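Colleague: Provided herewith is a single structure, encoded as structure tokens, for subsequent inquiry.
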Amino acid sequence: MDRLRQRADFLAVADGVRANSPAFVVQRRERPDQGPIRVGFTVTKKNGTATERNRIRRRLRELVKRLDPLSMRPHSDYVMVGRRDALSRDFSTMLADLQATLRRLDRPRAKPQPRKPSGADRRNAPAPDAQSRKPD
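Have a look at this one:
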């Protein structure tokens, strides 16, 4: 397994599928090349001081080291986004959470629903019956 280090790679994985856990979020994106599995780790500043963020990142890295590599899809990139609960959550529980999260990522997905227009889109769109209105 290799590490993700480039910002562009992290952004590309952010567009893929994701699954949540109390201690982290896992994002996955399949690549068209035949390269190895790559994993990236990130923790935002809202999760604490630099010392706490580094501790969360170290725990996430150790989880991936102890994980069976067969549970991850080949030719894929993964990003683990750490949460504050990763500091206090039991390590064996986090490992079970990671395994369950990876299984959820592998489930077949239904087709995505069409996006609902945001408030700005609705204000700028013509009224549905604008042509049928009679001028006053």
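Residue 600 is where the sequence shown ends in the working numbering, and the numbering goes up by one at each step. In this text, a Cβ means the ideal position worked out from N, Cα and C, and glycines have one as well. Being a predicted model, the structure only gives us computed values, none of them experimental.
#1: Checking 9 Å against the spacing of the C-beta atoms, do Val477 and Gly504 come in under that value?
#2: Would you call the CB atoms of Val507 and Val545 closer than 9 Å?
#3: Can you give the Cα-Cα distance for Gln498 and Met558, rounded to whole angstroms?
#4: Look at the alpha carbon of Glu494 and the alpha carbon of Met536, and state the distance between them as a whole number of angstroms.
#5: For Ala483, which of Pro572, Leu566 and Thr515 has the nearest alpha-carbon?
#6: Exposed or buried, what is Arg469 when buried is set at 16 or more other beta-carbons lying within 10 Å of its beta-carbon?
#7: Exposed or buried, which one is Arg492 when buried takes at least 16 other CB atoms within 10 Å?
#8: Rounded to whole angstroms, how far is the Cβ of Asp549 from the Cβ of Pro486, which I believe are closer than 8 Å?
#9: For the beta strand (DSSP E) containing Ser540, name the first residue and the last one.
#10: Could you check what DSSP says for Val507 in three-state terms: helix, strand or coil?
Modeller: So, from the data block:
#1: yes
#2: yes
#3: 30 Å
#4: 11 Å
#5: Leu566
#6: exposed
#7: buried
#8: 5 Å
#9: Ser540 to Gly546
#10: coil
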